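**Student:** I have a structure I would like to understand better, so I am pasting it below and will then ask my questions one at a time.
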Amino acid sequence: MTVATRGELEGETITLNEKSASPYFSVKDIHAYYGESYIVQGVSFDIAKGEVLSLLGRNGAGKTSTLRTLARVDTPALKSGEIWLDGKPLHKMRAFEAAAEGVQLVPEDRRIIGGLTVEENLILAQVTEPKGWPIEKIYEHFPRLAERRNQEATTMSGGEQQMLAVARALARDLKILFLDEPYEGLAPVIVQEIEKIVQQIRDIGITTIIVEQNAVAALRLSDRAVIMDTGQVVFQGTAKEVLDNEQLRHEYLAI
Amino acid sequence: MFGNLSRNDWLLVLGFAIVVLVSPWTLTPFGAGYPALLQKFCIFGIFAMGFNILFGLTGYLSFGHAAFLGVGSYAAVWSFKLFTMNVIPAVIFGVLFAGIFAVVIGFVSLRRSGIYFSILTLAFAQMSYNLAYSVLTPITNGETGLQLTLQDPRIIDNAFITPGEGLPQTDLFGIPMNGYPGFYFCAVALIICFFLTLRIFRSPFGMMLRAIKSNQNRMRYTGFNTRPYLLTAFIISGMYAGLAGSLMAVTDPLAGAERMQWTASGEVVLMTILGGVGTLIGPILGAGVIKYFENIFSSFNDRILEQLFSFLPDAAREVAVWFTGLFVGEGWHLTLGVVFMLIVIFLPGGIMEGLQRIYNRLGGGSGPGAGAPDTAAAQPAE
Amino acid sequence: MDAIIIQILNGLDKGAAYALIALGLTLVFGTLGVVNFAHGALFMLGAFCAVTFNKIITWPIQPPKAEGQLFAPPAKPWFEYAFGDLGASIINWSVPISILLAIPVMLLIGLAMERGLIRHFYKRAHADQILVTFGLAIVLQEIVKKFFGANPLPQNAPAMFNGTADIASWFGLTDMFIVYPWWRLIYFLFSLLVIGAVFAFLQFTTYGMVVRAGMRDRETVGLLGINIERRFTVVFGIASVVAGLAGVMYTPILPPDYHLGMDFLVLSFVVVVVGGMGSLPGAVLAGFLLGILQSFASMNEVKGILPGIDQIIIYLVAVTILLTMPRGLMGRKGVMED
Amino acid sequence: MSKLIFNRRGILKVGAAGGVALAAPMHFVKGAFAEDMSCNMPTGDTVTLGFNVPQSGPYADEGADELRAYQLAVKHLNGEGDGGMMNTFTSKALKGNGILGKKVAYVTGDTQTKSDAARDSAKRMIEKEGAVMITGGSSSGVAVAVQGLCQEMGIIFMAGLTHSNDTTGKDKKRYGFRHFFNAYQSGVALGPVLKEEYGTDRRAYHLTADYTWGWTQEESIKNTTEALGWETVATVRTPVGAGDYSQYITPVLNSGADVLILNHYGKDMVNSLTQAIQFGLKDKQVNGKNFEIIVPLFSRLMAKGAGDNIKGILGTTNWNWSLDDDASQAFVKSFGAEYGAPPSQAAHTCYVQTLLYADACERAGTFFAPKVIEALEDFEFDGMGNGPTLYRGADHQCMKSALVVKGNENKQSEYDLLKVVKVVDRETLTYDPAIFGGDLGPSDAKKC
């Protein structure tokens, strides 16, 4: 038996199955729109604490939109469905409120803020609670950023910006991390470096969702995988199941 | 030839024509059944409808459309002064010159988009206004406005008839163009413009403009050159404005520089948005509402209000008169401001959206998009 | 030479007003993404803060009507009755002192406007924003007209700033004749002070850094747990205070009337766009640039060659700049282009 | 007359018949075209006048004061109140029972100080509300535009505040009448006073509002001052509504001029004067003389806007409430009792115009416009505050005295802003109507 979750209190019927606990992060039948276009069409999945999940699928399958919906940014707009993180109803929150609950999205284009230095980008992440790693600790782990702390952040290379984006997420005390295409557009050497960082994050035990074109690279780090197509979930399973399923790989991942 | 118009469209044109032509009777109970105001309804209806072809279809917000109105007026009055009091050449000149003006301004302004386009058009219109007001006085007669004089050559008229004593009137082959005949002339012009607008809305050209509005960038990436389409729309809407301007001169042969001022350009933007951007009828309704307010509300004075509230006891009457006095007479601008705000806040799609909602509530439609064919084209401003 | 220097001064002074208004306008646009047509009205309201303050402290105490006089003799302000010489000098300094009134009042007006109206329009089309704020501008000016009438209401600068400064002699230029009104010099310096304060706030405080970040990318700032909209409300309040202060201090130069805001509105939009939408330094630069060009175009020598140039110079420059520099002097790509 | 006219009439008839068939409602079928019917002749027991004044825009305060004067005039015409100038007016045709026994009613409209808006609003009053006469306006452009409209529609227009020579000069109309003086008369009136106060050796610099009224005023004043022997250093055109005039004022400093003439009115005048004073022009010494500023057309409401800056500045005005003749006193008393403040010159001219129209109808015995025009033309009267006055038939301009005034240095009341320096008599101000050209046009009645 477990303690009643928020879901139960709100009249949600939860069948107590053999896991006997509500999942750490739970997505229930979310539907989201960009204006009139129906992008996310009823996606549901759960993640356990500390798990790493790959969200895979072809271009335009709705992966990024799903991540953005989960991070509660204004677009796409969530029309229905629920998102729960550790008993907190994210679907009722806006991005800044979700961030206060420990949600962090590292967007695919990194969204390093121009006109600000590297250090200012990091300070920005610690303007509000909950704060994560102190900035000095970040510099220890990312010596490159320390070197460039007073440089305008957008003048750095793509890989460095990706580092900063991840570092910025770590500067907050995060419960779940959404990584959107962390390797996109980066040279192989840099990819390796980033991969190492993601590995570290995983080792710390931060629950993570990775969206990645490079499915193989993503699956290497993941416990489980969700495959999407045209806004819907077409497969859920372990990372290994995906790697072993030729047809699945061929049909949805082109690998 | 008119293959792109459905039966419903024809009915719409017919219905519209009937509504316009009977308006002298139907609008009288509202105090609007007199020629000068009815003429204004038609003229500004044309102006707003033309503006909507640019703004409603392509999303390009011109803030200098009044310049074309002014050019149309000046051209028409010059036609009266130089050639003949017949209105047909005046209208042709008005539309033509406004068109030429639109080619030049449009060609330059359309090199930019968004607010930069708006400011470019605003700048051109303000330059026209300032120059017309002062330096160009020989052409425009400055602040007073261009008027007919007894010394005008009027070469065509004078070749056939001896001028009578006093200033001649504008005429359509003998029918003087003031009062109700003037209104009917404008009304016919409005109906023709409505028909043309409907055709543009339904044509592939109209579809193309809408496509530009919804995704200009994508069209650019595909190597598609949108500018000729935009320029054509700009010129067409400039010509509508020129027609409106020349009709103003037809019903009242005077052309003033303030017709080109930014406030006049702003007015047509307000009319269009008030009525409903991108809708067929909306801009005409918007024009009607604003002109009605301007004419009717500004004419109220304390004495009329006293009569209106005469049934109240003295103290209550004073309060009522004072309070309503804030919004009418010299306070009519306040009413206008409040109405804009209310409409934009509560009816983002303008009056047309309001009508659509009422229509739906009355059970006429079962859901969005099920309304009248013209409102189906309604879409929020982008 | 003297003439040119004086025209530069004129341009700087004119530009100071443009820059202050455009600064606030850009601040609001850059943060909230709202095209605020009521910004000119805020400038006007600021000016009327000075008028109101002056009205309050000079509330007339009517001496009794003499026998046979139809209208009473000029009244004496009650402040003079109540506080004697101190009262008189407060009245003398009423314009600068009314800044103290204007700051809280304008802040409140700004916050109320943003919370009550503007916030509902963040995601609406720019056209809707223009319409609703334009409607608001009309309403505000009509209310002011109702209370203060349509005539300009002259406000005096403190007596010690009446008259002119002999600027040439400051620099020991005895062969030149350059005088300039004290109050206009003060206005110019005041504007630099305000502009400097705004930039310092944005550049050197964490709050300012957050705002700058929000102007660049409000979504990401939101993802970092910051409620940027609340901060932008404060920014709106600041913009409103800046416009208000510009208005207060302008009253001795231009007697304010209810229409003041509309007179500056179009011009300040041109300034903002020429500067580049969303660029604060651009707005300031464009303000001063257009002010100076306007002054030069008004010189007889120039007008002799190009009659009427002074009436269109601002628009002409705007067209030229926008055609050669697609996004204005310092605009960024993608802002307000569709 | 050529026979082609006849033909044209034929077409006209056919066309008009078509028009009637189309437009059957109201106006076309209203009454047969009787011999002496003109537009909107009252048929019931009231007569409606149209007061077309600026209610918004820069002249809104003047418009409000004009409207007050009109309402007072209506009261007096209807026999209410103390009668004001009706008691001093030399023509005794008005009986205080309305006009020709019909009670006077009125309608109002907002000109917005724009020609278009003013014509729209005049048209509304004529077409919809049946006004038999239109009066008002606070700017020459508007007056000329509305006057032209009234000529076309056959409605008498009694101009309010309009100072341009054009109104009764090149744009004069048979149906338009002006009581207010004009720029030319301002110049003539100012001349001797300028000579007396500032001598004959002066160098003048003009700043002129860049539109028709500004130009006629500049020309008139320039002619006057040059006749005195003054030199004109420069005439500079300034945009209307410029707000900040600093860039036009600074060149005056080093130009060698010792007199600045501001051909501005309204808000422009308030601004340019305020700023000129700020630039220290009044404290300057040039060529060994005190620098002077002249504002040829003054109004008390504008003087109020300029505040203390107006002190000691010369100008002209049509009428001022401080005049002590019986007529002015009666009017000020009546107006002051009603509204608690003295009337402005705009209010005065509007009040007088209304009375003059009513009186003309009484004397003509009809509202029939051509007859009323006849009654107004070359009408001699007195007791309206400007001494003996002639409504000149040749150009419909009143010939009467005008005032040279100075901003009061020592005011006795809040309203005591202008001090009368000199009352310039009618003979001095009378000029040949031919100098401005123009043509009154016909007075034949129009149906409407």
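So the sequence lines, in the order shown, correspond to chains R, G, Z and P. Take the first sequence: its letters are residues 505 to 759, numbered as in the working numbering. Take the second sequence: its letters are residues 0 to 381, numbered as in the working numbering. Take the third sequence: its letters are residues 32 to 369, numbered as in the working numbering. Take the fourth sequence: its letters are residues 7 to 454, numbered as in the working numbering. Even glycine gets a Cβ: it sits at the ideal position worked out from N, Cα and C. Since this is a predicted model, take the numbers as computed values, not measurements.
#1: Using the Cα positions of F106/G and L230/G, report the straight-line distance between them to the nearest angstrom.
#2: Nearest chain G C-beta to Y271/P closer than 8 Å, yes or no?
#3: I need the DSSP call for N293/P, collapsed to helix, strand or coil.
#4: Are three or more beta carbon pairs between the stretch 323-337 of chain Z and the stretch 50-65 of chain Z nearer than 8 Å?
#5: Express the C-alpha separation of D294/Z and P183/Z in angstroms, rounding to a whole number.
#6: Go ahead and label H754/R buried or exposed: buried means 16 or more other beta carbons lie within 10 angstroms of its beta carbon, across all protein chains shown.
#7: I want to see whether chain G comes within less than 8 Å of Y346/Z, judged by CB atoms only; does it?
#8: Can you give the Cα-Cα distance for L78/P and F341/P, rounded to whole angstroms?
#9: In three-state DSSP terms, what is I280/G?
#10: If distances are taken between C-alpha atoms only, which option among L171/Z, R363/Z, A106/Z and I340/Z comes closest to K86/Z?
#11: Tell me whether the beta-carbon of Q717/R lies closer than 8 Å to the beta-carbon of E697/R.
#12: Do S133/G and Q325/Z have their CB atoms nearer than 8 Å?
#13: Less than 8 Å between the CB atoms is what I'm expecting for A343/G and T334/G, so what's the real figure, rounded?
#14: Any beta carbon of chain G sitting closer than 8 Å to that of A40/P?
#15: Is the beta carbon of L725/R closer than 8 Å to that of V702/R?
#16: Under a CB-based cut-off of 8 Å, is E173/Z close to chain G?
#17: Given this structure, state the Cα-to-Cα distance separating S278/P from A314/G, to the nearest angstrom.
#18: V19/G by DSSP, collapsed to three states: which one?
#19: Check this for me: beta carbons of A721/R and V746/R, under 8 Å apart or not?
#20: Can you tell me whether K109/P is helix, strand or coil according to DSSP?
#21: With burial defined as no fewer than 16 other Cβ atoms inside 10 Å of the residue's Cβ, what is the status of D251/G: buried or exposed?
#22: Between the beta-carbon of L148/Z and the beta-carbon of L167/Z, is there less than 8 Å?
#23: Short of 8 Å Cβ to Cβ, which residues in the stretch 229-255 of chain Z face chain R?
#24: Just checking my contact of T241/P with T214/P at CB under 8 Å: how many whole Å lie between their CB atoms?
#25: Just the chain G side, please: which residues come within less than 7 Å of A314/Z by C-beta, in chain order?
#26: Going by C-alpha to C-alpha distance, which of G56/P, S44/P and Q253/P sits closest to F299/G?
#27: From this set, M308/Z, G55/Z and R150/Z, which residue's C-alpha is nearest V225/Z's C-alpha?
#28: Label V18/G either buried or exposed according to how many other C-beta atoms from any shown protein chain fall within 10 Å of its C-beta, with 16 as the threshold for buried.
#29: If you pair each beta-carbon of the stretch 318-332 of chain G with each one of the stretch 346-353 of chain G, do three or more pairs fall below 8 Å?
#30: On a Cα-Cα basis, can you pick out the residue from S328/P, Y251/P and L329/P that is closest to G322/Z?
#31: Between L291/Z and the rest of its own chain, which residues show a CB-CB distance below 8 Å, the 5 nearest in sequence each way excluded?
#32: Is it true that the CB of T119/P sits closer than 8 Å to the CB of P60/P?
#33: Taking beta-carbon pairs under 7 Å, can you tell me which members of the stretch 237-259 of chain G lie near chain P?
#34: Just the C-alpha distance for A581/R and L276/Z, rounded to the nearest angstrom, thanks.
#35: Looking at C-alpha atoms only, which residue of V556/R, L560/R and L681/R is the closest neighbour of V738/R?
#36: Sort out for me which residues DSSP pairs T250/G with in a bridge.
**Tutor:** Reading off the structure:
#1: Approximately 7 Å between the Cα atoms of the pair.
#2: no
#3: coil
#4: no
#5: 13 Å
#6: exposed
#7: yes
#8: 7 Å
#9: The answer is coil: DSSP assigns I280/G none of H, G, I, E or B.
#10: A106/Z
#11: no
#12: no
#13: Before going on, a small fix: residue 343/G reads as Val here, not Ala. Not quite, the Cβ-Cβ distance comes to about 15 Å (not below 8 Å), so this is no contact.
#14: Its pLDDT being 47, under 50, A40/P is placed unreliably in this model, and the value from its coordinates should be taken loosely. Not closer than 8 Å to any Cβ of chain G, the Cβ of A40/P fails to qualify, so no.
#15: yes
#16: Yes, E173/Z lies at the interface with chain G (some Cβ there is under 8 Å from its Cβ).
#17: 45 Å
#18: helix
#19: no
#20: strand
#21: buried
#22: yes
#23: T237, M240, V241, R243, A244, R247, D248, E250, T251, V252, G253, L254 and L255
#24: 6 Å
#25: Under the 7 Å cutoff, chain G gives no residues; its nearest Cβ is about 14 Å from A314/Z.
#26: G56/P is the residue among G56/P, S44/P and Q253/P whose C-alpha sits nearest the C-alpha of F299/G.
#27: G55/Z
#28: V18/G comes out exposed.
#29: No, they do not touch.
#30: Y251/P
#31: G71, F74, M75, A78, G278 and L285
#32: Taking 8 Å as the cut-off, the beta carbon of P60/P is found closer than this to the beta carbon of T119/P.
#33: D251, L253, G255, E257 and R258
#34: Whole-angstrom Cα-Cα distance: 40 Å.
#35: L560/R
#36: In DSSP, T250/G forms no bridge with anything.
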